[in-house]
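In this note's numbering, the protein residues as written are 5 to 274. Where a beta carbon is used, it is the ideal one built from N, C-alpha and C, also for glycine. Fair warning: this is a prediction, and the values are worked out from it, not measured in the lab. See structure below.
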């Protein structure tokens, strides 16, 4: 028989374990020449509202000081670290690397803890940005393991990594451009991926009917083809669809014609 101890862990023990783990992580950053900083807990609210938008306002602990300035408890330490860099000698654009460990505050609608400990490192001003990013990620992995965690997930928020991934794929340029453009629309992006795998199908059943048009467009110069499409659309009285102009619709026809000879189907219109 296995007995599970459900006795709540005393807050003091939780705090001690948390602080010990954070100290081990900071040791890793310190050995990598990251200078320790302690950003102020009170921060100008506009720093976070301008960077993250009004959506974050409902999660901030906001108040006005006697002078009328809108302040907040820092919701994270990354933006305050950036502010520290700009206000310090690093503002000349020179390289700098910092480490921090402190409380951050965000309201949680699910009732979870609104106060949490954030430990991390930030690199600024390095000419080899890709190399600096790789080193920072490697340090974070080492720090997490030093803190005693073996199972964890890494989330990267640099959109340039996604663009580089798309550029490395052997797919037509029209597909690459559309994937990049619609990355922020999860449902449509998944539809594009299904089309890229050849699983979307032709919903209107008119692929064969368009084949002749695509063949004709491929046989003429792009500018002449564009004029032809625009003339046909206007003569047919086809109005702009979904906010797109006649010129934009004609561009989609040209994209599809250019992809006709490819092994991949053209990306779905939207």
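The beta carbons of residue 48 and residue 73 sit about 7 Å from each other, so the pair counts as a contact at 8 Å. Under the three-state reduction of DSSP, residue 78 is assigned to coil, being neither helix nor strand.
Put simply, the backbone Cα of residue 25 is about 18 Å away from that of residue 42. As computed with DSSP, residue 67 is found in a beta bridge with 75. The beta strand (DSSP E) runs lying completely inside the stretch 103–146 and spanning 3 residues or more are 119–128, given in chain order. Under the three-state reduction of DSSP output, residue 46 falls in the strand class.
DSSP places residue 179 in the uninterrupted alpha helix (DSSP H) bounded by 177–185. Residue 101 carries a strand assignment under DSSP once its states are collapsed to helix, strand and coil. Assignment of residue 39 by DSSP, reduced to helix, strand and coil, places it in the strand class. In the structure shown, residue 90 adopts helical secondary structure according to DSSP, grouped into three states. Contact check for residue 132 and residue 162: beta-carbon distance about 15 Å, past the 8 Å limit, so the pair fails to qualify. The C-beta separation of residue 124 from residue 81 comes to about 7 Å, placing the pair in contact by the 8 Å criterion.
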